[in-house]
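Encoded as structure tokens, the structure appears first; notes follow it.
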Ligand SMILES: Nc1ncnc2c1ncn2[C@@H]1O[C@H](COP(=O)(O)OP(=O)(O)OP(=O)(O)O)[C@@H](O)[C@H]1O
Ligand SMILES: [Mg+2]
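Protein chains in written order, with the working numbering: chain R, 94 to 340; chain D, 2 to 229.
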């Protein structure tokens with residue numbers, strides 16, 4: 094199993110306050126991680142760093158075998174491989190379909206293929222037929238699912254989910270859980286935050302637990318030290334498995 | 002009292018009959034203002050977005066400067082542009098003084114800080130999740146800012162209308178750079194300011210009513226936009 098992320102002495106501070114301090118953490122490709130911790134323990138901050146949206150104050154982030162260079166030009170490619178689903182997602186003005194198609198448009202995917210993938214993704218989150226609805230007029234749970242579809246449609250290498258199951262009803266939560274659990278089998282690395290104490294056990298996968306910005310308990314890095322030789326150069330997914338969205 | 006009532010009656014007659022003098026002043030006012038706001042927006046919106054989005058040392062200063070420029074008296078702008086376009090000025094050779102073009106230049110300068118400032122305010126008040134959301138979905142830096150602008154379209158339209166409201170109602174620039182030439186550079190405001198004293202009270206009143214309607218309409222529109 095290759096390592097997709099490695100964090101070394103990562104610190105994030107706001108003013109004098111250090112909100113995240115991770116000495117060593119390795120994330121393996123194609124696995125599922127649950128990220129837990131109290132409110133304010135730094136989960137969102139960590140995901141935002143892993144999504145290359147927040148630059149750490151210090152330390153080194155290695156992604157796909159090389160250190161991340163924090164300038165817009167170098168970040169475009171990794172950002173296109175990693176998608177973050179925000180804790181309180183922002184939907185763009187316009188239709189549901191327009192939202193789900195956004196990332197595809199950015200990748201130059203248009204026309205028939207765009208349409209088909211958008212429909213598939215909406216179907217997947219149980220929102221078939223919602224395409225023409227105005228995104229701003231959706232209920233909280235529907236909006237959450239649209240945001241999920243908007244991320245899934247990209248078939249990202251890494252999917253970072255910040256409490257994707259807050260706000261949704263039991264049935265939808267079961268549906269989304271199934272989706273998420275199936276992703277690693279298709280090669281997607283998933284890191285998902287949760288406040289549900291049952292999630293880590295039920296979803297399987299590995300646990301990353303934060304206490305006041307620091308790793309606590311048997312963190313993946315400590316439990317499974319990684320030899321340098323294990324790094325693997327990241328290549329874009331050759332051909333997205335046809336079954337990716339329909340599994 | 003009779004004089005007032007009589008004048009109001011005449012004013013309405015002038016409007017209803019599409020009196021040449023009235024129509025010409027309205028057309029000049031509106032077209033000069035539209036050209037001005039077009040140029041001011043083409044420059045002011047991108048500048049405002051850039052300043053609003055970017056983090057750079059001295060940003061506060063630039064915004065303060067723009068705020069100050071917003072308060073520039075129109076006659077001062079008129080004076081400066083006059084110095085530039087009059088015969089002896091650096092652009093004197095183009096013979097722009099007392100033409101609609103000169104008015105457009107002056108009103109563009111007048112509207113630019115207004116458009117830029119309102120745009121900055123709109124960008125700074127934008128939802129902070131817009132740009133990160135666009136980025137994480139694969140937008141490049143430029144595309145993410147374009148998405149921000151799309152999300153802010155009402156705020157940016159408000160900036161443009163605020164600028165329009167200012168230029169259509171101003172008299173200093175139009176007066177000093179246009180010269181109130183009948184049928185050419187005479188606007189609603191210069192006609193009111195200059196002709197009323199020459200016994201054209203009803204004309205002034207008619208133009209005043211139209212000007213007020215235009216200004217009210219622009220403001221109404223602005224209010225609607227700001228509530229969205
Ligand atoms: N932009 C910011 N400026 C200052 N402090 C911040 C900022 N963003 C986050 N913080 C602080 O960093 C700490 C960690 O925040 P973070 O959002 O990562 O927590 P979290 O674990 O995701 O919490 P929750 O479970 O409530 O979502 C908090 O104390 C928060 O106040
Ligand atoms: Mg959080």
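All residues carry an ideal CB built from backbone N, CA and C; glycine is no exception.
Taking the straight line between their C-alpha atoms, what separation do you get for residue 148 of chain R and residue 298 of chain R?
Using only the alpha carbons, I get a separation of about 27 angstroms.
Any beta-carbon of chain R closer than 9 angstroms to the one on residue 134 of chain D?
For residue 134 of chain D, the answer is yes, since a Cβ of chain R falls inside 9 angstroms of its Cβ.
Determine, for residue 131 of chain D, whether the minimum Cβ-Cβ distance to residues of chain R falls below 9 angstroms.
Closer than 9 angstroms to some Cβ of chain R, the Cβ of residue 131 of chain D qualifies, so yes.
With DSSP collapsed to three states, give me the class of residue 294 of chain R.
The answer is helix: DSSP assigns residue 294 of chain R an H, G or I state.
Residues of chain D with a CB under 9 angstroms from the CB of residue 179 of chain R: which are they?
Here the neighbours are 130, 133, 134, 137.
In chain R, what lies closer than 7 angstroms to residue 144 of chain D by C-beta?
Neighbours of residue 144 of chain D on chain R, chain order: 199.
I believe residue 234 of chain R touches residue 192 of chain R by the beta-carbon criterion, under 8 angstroms. Please report the beta-carbon distance rounded to the nearest angstrom.
Their Cβ separation, rounded to whole angstroms, is 15 angstroms, which puts residue 234 of chain R and residue 192 of chain R out of contact at 8 angstroms.
Consider the Cβ of residue 152 of chain D: report whether some Cβ of chain R lies at a distance smaller than 9 angstroms.
Yes, because at least one Cβ of chain R sits closer than 9 angstroms to the Cβ of residue 152 of chain D.
Does residue 172 of chain R pass the burial test, meaning 16 or more other C-beta atoms within 10 Å, or should it be called exposed?
Result: buried.
Can a CB atom of chain D be found closer than 9 angstroms to the CB of residue 110 of chain R?
Cβ-Cβ to chain D under 9 angstroms: no for residue 110 of chain R.
At which residues does the beta strand (DSSP E) containing residue 309 of chain R begin and terminate?
Looking at the DSSP string, the run of the beta strand (DSSP E) that includes residue 309 of chain R is 307 to 309.
If we ignore side chains and look at the alpha-carbon of each, how far apart do residue 129 of chain D and residue 208 of chain D end up?
Rounded to the nearest angstrom, the two C-alpha atoms are 45 angstroms apart.
Taking Cβ-Cβ distances shorter than 9 angstroms, what residues in chain R pair up with residue 148 of chain D?
Within chain R, the residues near residue 148 of chain D are 185, 195.
In chain order, what residues of the stretch 235 to 267 of chain R put their CB closer than 8 angstroms to some CB of chain D?
So the list reads 243, 244, 247, given in the order they occur along the chain.
Contact criterion: CB-CB distance below 9 angstroms. Does residue 162 of chain R meet it with respect to chain D?
No, its Cβ sits nowhere closer than 9 angstroms to a Cβ of chain D.
For residue 142 of chain R and residue 175 of chain R, I'd like the C-alpha separation in whole angstroms.
Cα-Cα distance, rounded: 11 angstroms.
Is it the case that the stretch 94 to 105 of chain R contacts the stretch 267 to 279 of chain R, given that we only count it when at least three CB pairs across the two stretches are under 8 angstroms?
No, because fewer than three Cβ pairs between the stretch 267 to 279 of chain R and the stretch 94 to 105 of chain R fall closer than 8 angstroms, the two stretches do not touch.
Listed from N- to C-terminal order along the chain, which residues in the stretch 204 to 221 of chain D have their beta-carbon within a distance smaller than 7 angstroms of any beta-carbon of chain R?
Listed by position along the chain: nothing, the set is empty.
Could you work out which residue in D:67, D:40, D:39, D:132 is closest to residue 52 of chain D when comparing CA atoms only?
Residue 52 of chain D has its Cα closest to that of D:67, out of D:67, D:40, D:39, D:132.
Is DSSP giving residue 317 of chain R helix, strand or coil here?
In this prediction, residue 317 of chain R has a pLDDT of 45, which is less than 50 and means its spatial position is unreliable; what the coordinates show is noted afterwards. Residue 317 of chain R falls in the coil class under three-state DSSP.
Please confirm whether residue 165 of chain R has its beta-carbon closer than 9 angstroms to some beta-carbon of chain D.
Interface residue, yes.
Cα separation between residue 69 of chain D and residue 99 of chain D?
The alpha-carbon atoms of residue 69 of chain D and residue 99 of chain D are separated by roughly 27 angstroms.
How many whole angstroms separate the CB atoms of residue 194 of chain R and residue 207 of chain R, which I take to be in contact at a CB cut-off of 8 angstroms?
That belief holds up - the Cβ atoms of residue 194 of chain R and residue 207 of chain R are roughly 5 angstroms apart, short of 8 angstroms.
Nearest-angstrom Cα distance between residue 139 of chain R and residue 293 of chain R?
Cα to Cα, residue 139 of chain R sits roughly 18 angstroms from residue 293 of chain R.
Which ranges would you report for the alpha helix (DSSP H) in the stretch 123 to 210 of chain R if only whole runs of at least 4 residues count?
Here the runs fully enclosed are 136 to 143, 165 to 174, 189 to 199.
Relative to the C-alpha of residue 119 of chain R, which residue among R:144, R:154, R:110 is closest?
It is R:154 whose Cα lies nearest to the Cα of residue 119 of chain R.
With a threshold of 8 angstroms, establish whether the CB of residue 147 of chain D neighbours any heavy atom of ligand 1.
Because no heavy atom of ligand 1 lies under 8 angstroms away, the Cβ of residue 147 of chain D does not count as near it: no.
Taking 5 angstroms as the limit, name every residue whose beta carbon sits nearer than that to some heavy atom of ligand 3, in sequence order.
Because ligand 3 does not appear in the structure shown, any question about it cannot be addressed here, the ligands present being ligand 1 and ligand 2.
Nearer than 8 angstroms: is that true of the beta carbon of residue 180 of chain R relative to any heavy atom of ligand 2?
Indeed, a heavy atom of ligand 2 lies less than 8 angstroms from the Cβ.
My understanding is that residue 188 of chain R touches residue 226 of chain R, with C-beta atoms under 8 angstroms, so please give their C-beta distance in whole angstroms.
Right, the Cβ-Cβ distance comes to about 7 angstroms (below 8 angstroms), so this counts as a contact.
With distance defined between alpha-carbon atoms, name the residue in R:262, R:249, R:289, R:242 nearest to residue 256 of chain R.
Ranking R:262, R:249, R:289, R:242 by Cα distance to residue 256 of chain R puts R:289 first.
Is it the case that the Cβ atoms of residue 117 of chain D and residue 152 of chain D are separated by a distance below 9 angstroms?
Their beta carbons are not under 9 angstroms apart, which means residue 117 of chain D does not touch residue 152 of chain D by this criterion.
Between the alpha carbons of residue 213 of chain D and residue 156 of chain D, how many angstroms are there, rounded?
Taking the straight line from one Cα to the other gives about 23 angstroms.
Heavy atom of ligand 2 less than 8 angstroms from the Cβ of residue 137 of chain D, yes or no?
Because no heavy atom of ligand 2 lies under 8 angstroms away, the Cβ of residue 137 of chain D does not count as near it: no.
Return yes when the C-beta of residue 29 of chain D is under 8 angstroms from any heavy atom of ligand 2, and no when it is not.
No.
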